[in-house]
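With UniProt numbering applied, the sequence shown covers 1 to 219. Beta carbons: idealized from backbone N, C-alpha and C, even for Gly.
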Amino acid sequence: MTTPGTHQFDVLDSELLHESPILALRRDTLAMPGGGTGRREIVEHFGAVAVVAERDGEIALVRQYRHSVQDRLWELPAGILDIDGEDEHVTARRELAEEAGLAADRWEVLCDLVTSPGFCEETVRVYLARDLHEVDRGEAEHEEADMTFSWTPLEEARAMVLRGEIINSIAIAGIMTAAEVLAGRGEARSVDTPNPWRPQALAARRRAAGVGPDLKKMP
Numbered sequence: 001m002t003t004p005g006t007h008q009f010d011v012l013d014s015e016l017l018h019e020s021p022i023l024a025l026r027r028d029t030l031a032m033p034g035g036g037t038g039r040r041e042i043v044e045h046f047g048a049v050a051v052v053a054e055r056d057g058e059i060a061l062v063r064q065y066r067h068s069v070q071d072r073l074w075e076l077p078a079g080i081l082d083i084d085g086e087d088e089h090v091t092a093r094r095e096l097a098e099e100a101g102l103a104a105d106r107w108e109v110l111c112d113l114v115t116s117p118g119f120c121e122e123t124v125r126v127y128l129a130r131d132l133h134e135v136d137r138g139e140a141e142h143e144e145a146d147m148t149f150s151w152t153p154l155e156e157a158r159a160m161v162l163r164g165e166i167i168n169s170i171a172i173a174g175i176m177t178a179a180e181v182l183a184g185r186g187e188a189r190s191v192d193t194p195n196p197w198r199p200q201a202l203a204a205r206r207r208a209a210g211v212g213p214d215l216k217k218m219p
């Protein structure tokens with residue numbers, strides 16, 4: 001038996017169970033402490049970005065239908081990293097324009113999070129965007145065609161988190177870290193800060209199948 005905190009969880013076998021445009025499901029067999037093995041199902045994901053867009057003490061929130069909970073949720077403008085090789089900052093700029101009709105001249109990194117580490121490799125980088133101006137939002141489709149947009153005082157958004165009215169984990173992380181940074185209790189990071197947590201497995205799988213630059217296309 002190895003000392004706790006030192007075991008190497010080697011992957012002994014890996015099996016692809018399912019694949020769809022924005023995710024894949026695989027089963028890994030791992031070497032466990034004590035000499036045994038264990039199987040873990042992992043959802044592969046491209047990763048995502050989200051944006052806290054702030055002006056004069058207010059932030060941009062969207063309200064979008066999410067079928068997993070069959071309800072509309074308050075969220076930040078966000079999107080998945082589905083373009084091969086695209087920098088996260090570039091994706092964030094595009095999503096802010098598409099979902100909120102906004103562009104920003106000042107960008108910083110607020111936080112990085114792993115949304116469901118027990119079974120999913122999705123990570124999200126959340127940005128703080130300031131010095132905003134309006135741009136063409138473009139034509140929305142599917143759930144985004146039903147999405148609404150509003151400016152909300154940051155302190156009210158923070159209170160909505162504490163009242164349980166905002167339950168999207170990415171929005172919670174972005175709102176609470178933005179409140180700290182904008183109150184001078186913390187510092188945001190440069191947009192050039194490397195992100196070692198960005199998922200690679202699904203993008204590599206699509207790339208190997210000749211898919212790109214839009215990685216959502218199935219081989």
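Should E54 go down as buried or exposed, given a rule of 16 or more other Cβ atoms within 10 Å for buried? Position 54 of the sequence shown, counted from the start, is the residue given in the question as residue 54. Burial call: buried.
Are V62 and M176 closer than 9 angstroms when you measure CB to CB? To locate residue 62, count along the sequence shown from 1; it is residue 62. To locate residue 176, count along the sequence shown from 1; it is residue 176. Not closer than 9 angstroms, so no.
Would you mind giving the Cβ-Cβ distance between R205 and A24, rounded to the nearest angstrom? I have them listed as a contact below 8 angstroms. Within the sequence shown, numbered from 1, the residue matching residue 205 stands at position 205. Within the sequence shown, numbered from 1, the residue matching residue 24 stands at position 24. About 6 angstroms separates the two Cβ atoms, so the contact holds.
When we look at the beta-carbon of V161 and count the other beta-carbons within 10 Å, is it buried (16 or more) or exposed? For the purposes of this step, residue 161 is identified with residue 161 of the sequence shown, where counting begins at 1. Buried, since its Cβ has 16 or more Cβ neighbours within 10 Å.
Is it right to say V69 is buried, meaning 16 or more other beta carbons lie within 10 angstroms of its own, or is it exposed? Your numbering for residue 69 matches position 69 in the sequence shown. When all chains shown are included, V69 counts as exposed.
Hey, is the segment 111–130 in contact with the segment 141–155, meaning 3+ C-beta pairs nearer than 8 angstroms? no
P33 versus T2: straight-line alpha-carbon distance, rounded: As a first step, residue 33 is located in the sequence shown; it is residue number 33 there, counting from the start. As a first step, residue 2 is located in the sequence shown; it is residue number 2 there, counting from the start. Rounded to whole angstroms, P33 to T2 spans 7 angstroms at the Cα level.
Kindly list the residues whose CB is nearer than 8 angstroms to the CB of N195, restricted to its own chain and excluding five residues on each side of it in sequence; keep chain order. Taking the sequence shown and counting its residues from 1, the one referred to as residue 195 is at position 195. So the qualifying residues of the chain are E88, D112, T123, R125.
Do A92 and G79 come within 9 angstroms of each other at the CB atom, strictly closer than that value? Position 79 of the sequence shown, counted from the start, is the residue given in the question as residue 79. Position 92 of the sequence shown, counted from the start, is the residue given in the question as residue 92. Cβ atoms of G79 and A92: closer than 9 angstroms.
Check for me: the alpha helix (DSSP H) holding I172 runs from which residue to which? Along the sequence shown, read from residue 1 onward, the residue named residue 172 stands at position 172. Counting along the chain, the alpha helix (DSSP H) containing I172 begins and ends at 169–182.
Could you check if H67 is buried or exposed, using at least 16 other CB atoms within 10 Å of its CB as the buried criterion? The residue labelled residue 67 in the question sits at position 67 within the sequence shown. Burial call: exposed.
By the DSSP assignment, the alpha helix (DSSP H) with L202 in it spans what residues? The count along the sequence shown starts at 1 and reaches residue 202 at position 202. Its alpha helix (DSSP H) spans residues 201–208.
Using DSSP with H/G/I as helix, E/B as strand and the rest coil, what is D84? As a working note, residue 84 is residue 84 in the sequence shown. DSSP places D84 in coil when its eight states are reduced to three.
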